[in-house]
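Have a look at the structure below, then the notes.
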Amino acid sequence: MFDPKQVAAFAQTFRGELIGPSDAGYEDARKLYNGMIDKRPGLIARCVDVADVIAAVHFGRDSGHLVAIRGGGHNGPGLGSCDDGLVIDLSRLKGVRVDPVARTVRVEPGCTQGDVEHAAAAFGLAVPAGIVSTTGVAGLTLGGGTGYLTRAYGLTIDNLIEADVVLADGRFVTASEKENSDLFWALRGGGGNFGVVTSFLFRAHPVASVYAGPIFWDLKDAKKVMQTYRDLIANASPELGLFVGLKTVPPTDPFPREHWGKKAAALIGAYNGSADNGIAAMKPFRDALPAPLFDWMSEMPFTSMQSLFDPFFPKGLQWYWKGDYVKELPDGAIDAHIASIAKAPSNLCLMHLYPIDAAVHRVGAADTAWATRDARWSMVIAAVDSDPKNAGELKKWGRAYWQAVHPFNLGGAYVNFMMDDENEGRIQASYGANYPRLAEIKRKYDPSNLFRVNQNIAPAA
Ligand SMILES: Cc1cc2nc3c(=O)[nH]c(=O)nc-3n(C[C@H](O)[C@H](O)[C@H](O)COP(=O)(O)OP(=O)(O)OC[C@H]3O[C@@H](n4cnc5c(N)ncnc54)[C@H](O)[C@@H]3O)c2cc1C
Numbered sequence: 108m109f110d111p112k113q114v115a116a117f118a119q120t121f122r123g124e125l126i127g128p129s130d131a132g133y134e135d136a137r138k139l140y141n142g143m144i145d146k147r148p149g150l151i152a153r154c155v156d157v158a159d160v161i162a163a164v165h166f167g168r169d170s171g172h173l174v175a176i177r178g179g180g181h182n183g184p185g186l187g188s189c190d191d192g193l194v195i196d197l198s199r200l201k202g203v204r205v206d207p208v209a210r211t212v213r214v215e216p217g218c219t220q221g222d223v224e225h226a227a228a229a230f231g232l233a234v235p236a237g238i239v240s241t242t243g244v245a246g247l248t249l250g251g252g253t254g255y256l257t258r259a260y261g262l263t264i265d266n267l268i269e270a271d272v273v274l275a276d277g278r279f280v281t282a283s284e285k286e287n288s289d290l291f292w293a294l295r296g297g298g299g300n301f302g303v304v305t306s307f308l309f310r311a312h313p314v315a316s317v318y319a320g321p322i323f324w325d326l327k328d329a330k331k332v333m334q335t336y337r338d339l340i341a342n343a344s345p346e347l348g349l350f351v352g353l354k355t356v357p358p359t360d361p362f363p364r365e366h367w368g369k370k371a372a373a374l375i376g377a378y379n380g381s382a383d384n385g386i387a388a389m390k391p392f393r394d395a396l397p398a399p400l401f402d403w404m405s406e407m408p409f410t411s412m413q414s415l416f417d418p419f420f421p422k423g424l425q426w427y428w429k430g431d432y433v434k435e436l437p438d439g440a441i442d443a444h445i446a447s448i449a450k451a452p453s454n455l456c457l458m459h460l461y462p463i464d465a466a467v468h469r470v471g472a473a474d475t476a477w478a479t480r481d482a483r484w485s486m487v488i489a490a491v492d493s494d495p496k497n498a499g500e501l502k503k504w505g506r507a508y509w510q511a512v513h514p515f516n517l518g519g520a521y522v523n524f525m526m527d528d529e530n531e532g533r534i535q536a537s538y539g540a541n542y543p544r545l546a547e548i549k550r551k552y553d554p555s556n557l558f559r560v561n562q563n564i565a566p567a568a
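For the sequence shown, the working numbering assigns the number 108 to the initial residue and increments by one for each residue that follows.
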């Protein structure tokens, strides 16, 4: 419980909204994207400007309570919130400013990808980010950020030019290659460990129309689909952002009724360029593979592709996440994947392998905190369903799937594809040789580990 007198004093310094458990908007304000997570913060400080963020950091620290930072609220284990403590809620900080000449985009931390994509598309530009438009830019960026533009332009962090940060002691600093470069290094993959980011400046790229969409094959062809993808993707044009997935044909329009509910393998991607060039880039894949259940790749605006899957994943579904970085995909691993997806307890469960190659491999492992530049894929297993009663089954399946394939994979995983039931060794494995440096930088900028509601990096002893 927060001391009402301290809250009243805090309110004097705060312009946004303070929402406590007895306030009318509390139930709505505390809800996260993942319906499996049910956290009850002691106070939600919905900031409207940087001054509010500074005031909230001082209040949270001095109160001795847990402090969580909420960007888009999409995080799997709900690390944008906490029980009993203070949530610094940035969801009203929605400014986006595109500089079409310099080809940069300045983004406030409450923006979703959709907010940024909409603003940038007006100038024929895009910032590399993820594949679902409702995801928060802040948490995605601080973890790394993979999506359709990654092969051509790198991770989201590889396109970060600078960030404004409120530190644990309340100081406001800018981090870039030139200023506070150690902090800038750590922010690029180190998550919310180092402070509250109040502004991101990104490099943007010319993206307008893409040749994009999904192609689905019956599960009986899944081995061939995964082998073909494994063998061809490294040599495919970097303009082709293509991932392979195992999933179920959604039992709903517009999917062909005769395929509803079938387990399937899918290639899903976007080619940044003309339809002719996209068709040419996809030709080796199509030539090597049998007839699909359906092939819906076509020309569309990039923003349409980015929101294509939004309707299938509304807020409030149950999600259980497991991830791994993957360097090799031997036939034995492919068999384990196919056997596991066949046992999925719900139609929404999925496995995706996102490519980590091309532009990502051109950045050195020690150049940013995000270390695993030699991986070839980032794997996600997402156990998803609408029914809270299935939460136990989802966890059971997700863990069993991961245990079956993990022996083929690297030790660490993308921190944004993990729940909070991984051990500390897993976080260290995810940062590899960069972990000791991250721990040193954590000690410098947040020695008391105020910002610990995250995939935590403990300050060096
Ligand atoms: C449907 C769906 C699709 C996804 N697709 C992709 C994808 O294609 N590619 C990809 O890379 N990831 C993807 N993700 C994972 C996504 O990157 C994470 O869920 C990420 O945490 C979301 O960020 P957020 O701001 O919404 O999260 P939040 O829950 O708000 O925060 C997540 C973490 O980031 C920290 N944080 C948030 N904002 C700030 C800030 N301003 N300053 C400091 N720390 C902050 C918080 O402390 C917390 O630890 C997807 C997630 C979902 C649910």
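From the three backbone atoms N, C-alpha and C, an ideal C-beta is built for every residue, glycine too. Given the structure is predicted, the values throughout are model-derived calculations rather than measurements.
Counting the other CB atoms within 10 Å of its CB gives E269 a total of 16 or more, which places it among the buried residues.
In this model, N516 and Y432 are separated by some 6 Å (Cα to Cα). Distances between the C-beta of T479 and the heavy atoms of ligand 1 are all 7 Å or more. For the pair G302 and Y461, the CB atoms are not nearer than the 8 Å cut-off.
Residue range 438-448 is occupied by the alpha helix (DSSP H) that includes G439. Listed in chain order, the non-local C-beta contacts of A446 below 8 Å within the same chain comprise A511, local neighbours out to five positions each way being set aside.
The Cβ atoms of I534 and W509 do not sit closer than 8 Å to each other. Bridge pairing for I126: I151 [DSSP].
For L247, no beta strand (DSSP E) encloses it; the enclosing alpha helix (DSSP H) starts and ends at 244-250. E365 is classed as exposed because its beta carbon has fewer than 16 other beta carbons within 10 Å across all chains shown.
Look at the beta carbons and you see the segment 191-203 not touching the segment 127-135: under three pairs across the two are nearer than 8 Å.
Annotated three-state conformation of Q425 is strand, per DSSP. Remark: the C-beta of R177 is in contact range of ligand 1, defined as less than 7 Å to any heavy atom. The residue among G185, G167, V272, F309 with its C-alpha nearest the C-alpha of K146 is G185. If you check the CB distance, T410 and A228 come in under 8 Å. Bridge partners of K354 according to DSSP: A371. Taking one beta carbon from each stretch, the segment 286-305 and the segment 560-568 have 3 or more pairs nearer than 8 Å; the two touch. Residue side-chain check: P554 keeps its Cβ at 7 Å or more from all non-hydrogen atoms of ligand 1. Shortest gap from the CB of I534 to any heavy atom of ligand 1: 7 Å or more.
In this chain, H165 is not harboured by any beta strand (DSSP E); it is covered by the alpha helix (DSSP H) spanning 157-170. The three-state reading of DSSP puts S411 in helix, counting H, G and I together. Shown here for M412: same chain residues with a beta carbon closer than 6 Å to its own, the five before and five after excluded, namely V317, A319, A377 in chain order.
Contact annotation, G251 with L262: C-beta distance approximately 5 Å; criterion of less than 8 Å satisfied. Counted as a single uninterrupted DSSP element, the alpha helix (DSSP H) harbouring R550 occupies residues 542-552. Taking N556 as the centre and dropping the five residues before and after it, the same chain places the C-beta of K549, N563, A565, P566 closer than 8 Å to its C-beta, in chain order. Setting aside the 5 residues that flank it on each side, I144 is surrounded in the same chain by P184, G185, each with a C-beta closer than 7 Å to its C-beta; the list follows chain order.
CA-to-CA, the gap between G243 and G237 works out to about 9 Å. Between D474 and V304, the alpha-carbon positions lie close to 20 Å from each other. A check of alpha carbon separations from L274 across V208, V160, L139, R483 identifies V160 as the nearest. Taken in chain order, the complete beta strand (DSSP E) segments of 3 residues or longer contained in the segment 262-343 are 267-273, 279-283, 303-310, 316-325.
Per DSSP, reduced to three states, the secondary structure at H181 is coil, with no helix or strand assignment. Not one heavy atom of ligand 1 falls within 7 Å of the beta-carbon of Y432.
When DSSP states are grouped into helix, strand and coil, G254 belongs to the coil group. Taking 7 Å as the cut-off, one finds no heavy atom of ligand 1 near enough to the beta carbon of F279. At a threshold of 7 Å, F420 counts as near ligand 1, since its beta carbon sits closer than that to one of the ligand's heavy atoms. Across the set F166, S129, D130, the C-alpha of F166 shows the shortest separation from the C-alpha of Q119.
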